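Visitor: So the protein lines, in turn, are chains A and B. Residue numbers for the first sequence follow the working numbering, beginning at 7 and rising by one. Residue numbers for the second sequence follow the working numbering, beginning at 8 and rising by one. Positions of the beta carbon are idealized from the N, C-alpha and C atoms, including for glycine. Note that the coordinates shown come from a computational prediction; the quantities given were computed from them, not determined experimentally. The structure follows.
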Amino acid sequence: MTGLKDSILAFCVWCNQSLVGHTIRDSVWLFPFVEIFHLLALAILGGSMLVLNMRLLGIGFRADPVSALARDLRPWIIGSLVVMLISGFLLFTTEAVKMYGNWAFQAKMSFLLLSIIFTFTLHWRVTNRDESPASVRWVTALVSLILWTGVGLGGRALGYVTTAASSVAP
Amino acid sequence: MSLDHFLQWLDATHFSAIMRESVWAEPLVETIHVLTLTLFLGFVLLLDLRLLDLALRRKRVSEMFEQFNPWLFRGFAIMVVTGLLLFSADPVNFYSTLFFKAKMIMLVLAGLNVALFNATLGRRINEWDPAPVTPWKVKLAGAVSLVLWISIVACGRGIAYALPPP
């Protein structure tokens, strides 16, 4: 584990010192500019996931089969996820070492990894078919909502968690 | 009571002081405001993209309105309440920023865009909805909405940077 931790820290240091990290950090308006893309992609990604999960829960959009909604929304889900990952990485490079020791950031990345895996495996399968039993749909939607909400809450919290650049959280 | 007086009065209220000084109030309310972007803004953008024939083309526009609007209204209510709470924490400084004024003006414009749509194109929705492509006027309404909401998000972010540090 120490080896992995060291490599991650080394990567964070590299990000911090990279041209991109420098440029965004030194600019007054680049950081908020990238944040706007992050927020707009959040709206599309979160909105599309909400539509699918509300459909699975049976509390909205019942006129359409789940699979049809999923097919229509998938390009937007994938596209906005890509924008979120790119804009998020750009924001990360400005204070990568600080984020390394930030427990909220660590939680956000853990939730993000789980969310992405879940979305493209079980969630994908359940939204691709219209015959899944209600209980399976319910659990799938709830897990998806909880995981993505975890990502969002982690993202909100990381700004409030102040850590010294050198400190390493347990 | 003039606007300045109102802002100063609000600023001096006990409620404003709580919003400003509590460790939890502002982060909590801002978190709700930001995460509700998914419900409100996400649905608005999906509707705009539908009007532009870019998303969910299989669904009729009238169907989209029927299914999205109830949730959109709930999301909007949460955005307004949390937005007002955030504003009440620091009304004088909020109002002093150009971004806040621009955001409010564009919110009004977005509202007018919806009102105009409902009064004209919305009334004749049964005439154009069955067609495979939306008429250019409908696309224009969607594009105007899209541009306004993107600008509103940008201004919202701008306010945070323009406010004097606490």
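#1: The alpha helix (DSSP H) with B/Lys110 in it runs from where to where?
#2: I need the straight-line Cα distance from B/Phe124 to A/Lys11, nearest angstrom please.
#3: Among the residues of its own chain, which have a CB less than 8 Å from the CB of A/Leu36, if the five just before and after it don't count?
#4: Along the stretch 134-165 of chain B, where does the CB come closer than 9 Å to a CB of chain E? Name the residues.
#5: Hey, quick one: how far does the alpha helix (DSSP H) through A/Ile240 stretch, first residue to last?
#6: Between B/Arg65 and chain A, is any beta-carbon pair separated by less than 8 Å?
#7: Determine the DSSP secondary structure at A/Tyr166, reduced to helix, strand or coil.
#8: In three-state DSSP terms, what is B/Gly129?
#9: So, with DSSP's three-state summary, where would you put A/Asn134?
#10: Got a sec: which bits of the stretch 38-71 of chain A sit with their beta carbon under 8 Å from any beta carbon on chain B, in order along the chain?
#11: Residues of chain A with CB closer than 9 Å to the CB of B/Gln15, please, in chain order.
#12: Can you find a CB in chain A that lies within less than 8 Å of the CB of B/Ala62?
#13: Can you tell me whether A/Met60 is buried or exposed, with buried defined as 16 or more other CB within 10 angstroms of its CB?
#14: Quick one: list the residues of chain B neighbouring A/Arg162, beta-carbon separation under 8 Å, in chain order.
#15: Keeping to the same chain, check which residues put their C-beta closer than 7 Å to that of A/Thr8; ignore five residues upstream and five downstream.
#16: So which residues on chain B does A/Gly158 lean against when the C-beta distance must stay under 7 Å?
#17: Check distances from the C-beta atoms of the stretch 74-96 of chain B to those of chain A and list, in chain order, the residues that come in under 7 Å.
#18: Assess contact between the stretch 152-170 of chain A and the stretch 134-143 of chain A, defined as three or more Cβ pairs (one per stretch) separated by less than 8 Å. Is contact present?
#19: Is any beta-carbon of chain B found at less than 8 Å from that of A/Asp32?
#20: Less than 6 Å between C-beta atoms, sequence neighbours within five positions excluded: which residues of the same chain meet that for A/Ala102?
#21: Does any residue of chain A bring its CB to less than 8 Å from the CB of B/Thr104?
#22: What does A/Trp82 reach in chain B if we use C-beta pairs closer than 7 Å?
#23: Could you check the C-alpha separation between B/Val88 and A/Ala16 for me, to the nearest Å?
#24: Mapping the DSSP letters down to three states, classify B/Leu55 as helix, strand or coil.
#25: Residues of chain B with CB under 9 Å from A/Ala74, in chain order?
#26: If we ignore side chains and look at the alpha-carbon of each, how far apart do B/Lys110 and A/Arg135 end up?
#27: Using a Cβ-Cβ cut-off of 7 Å (strictly less than) and excluding sequence neighbours within five positions of B/Ser158, which residues of its own chain qualify?
#28: Are the CB atoms of B/Ala96 and B/Met8 within a distance shorter than 8 Å?
#29: So the candidates are A/Gly85, A/Val167, A/Val26; which of them puts its Cα closest to the Cα of A/Lys104?
#30: Kindly list, in the order they appear in chain A, the residues whose Cβ is closer than 8 Å to that of B/Leu53.
#31: Using a Cβ-Cβ cut-off of 8 Å, state whether B/Glu28 counts as contacting chain A.
#32: Within 8 Å (strictly less), CB to CB, does B/Gly118 reach chain A?
#33: Look at the alpha carbon of B/Ile166 and the alpha carbon of B/Phe107, and state the distance between them as a whole number of angstroms.
#34: Kindly indicate the opening and closing residues of the alpha helix (DSSP H) around A/Gly66.
#35: Check whether chain A comes within 8 Å of B/Leu170, counting only Cβ atoms and requiring the distance to be less than that.
Guide: By the coordinates alone:
#1: 105-126
#2: 56 Å
#3: Thr29, Ile30
#4: Protein chains A and B are contained in the structure displayed, whereas chain E is not.
#5: Within the shown structure, residues of chain A are numbered from 7 to 176, placing residue 240 of chain A beyond reach of any answer.
#6: yes
#7: coil
#8: helix
#9: helix
#10: Within the stretch 38-71 of chain A, the qualifying residues are Pro38, Glu41, Ile42, Leu45, Leu46, Leu48, Ala49, Ile50, Leu51, Gly52, Gly53, Ser54, Met55, Leu56, Val57, Met60, Gly66, Phe67, Ala69, Asp70.
#11: Result: empty, since nearest Cβ-Cβ is about 29 Å, beyond 9 Å.
#12: Chain A contact via Cβ: present.
#13: buried
#14: Around A/Arg162, the beta-carbon contacts reaching into chain B at under 8 Å are Pro34, Glu37, Thr38, Val41, Leu42.
#15: None.
#16: Neighbours of A/Gly158 across chain B, judged by C-beta separation under 7 Å: Leu42.
#17: Of all residues in the stretch 74-96 of chain B, Gln74, Trp78 have a Cβ within less than 7 Å of some Cβ in chain A.
#18: no
#19: no
#20: Cys18, Cys21, Asn22
#21: No - not a single Cβ of chain A is within 8 Å of the one on B/Thr104.
#22: Ala62
#23: Taking the straight line joining both Cα atoms gives about 44 Å.
#24: A quick correction: the sequence has Asp, not Leu, at residue 55 of chain B. B/Asp55 carries a helical assignment under DSSP once its states are collapsed to helix, strand and coil.
#25: Arg65, Lys66
#26: 42 Å
#27: Met113.
#28: Cβ atoms of B/Met8 and B/Ala96: not closer than 8 Å.
#29: A/Val167
#30: Ile50, Gly53, Ser54, Val57, Trp82
#31: no
#32: With respect to chain A, the C-beta atom of B/Gly118 has no partner C-beta closer than 8 Å.
#33: 6 Å
#34: Careful: A/Gly66 lies outside any alpha helix (DSSP H) and carries neither H nor E.
#35: no
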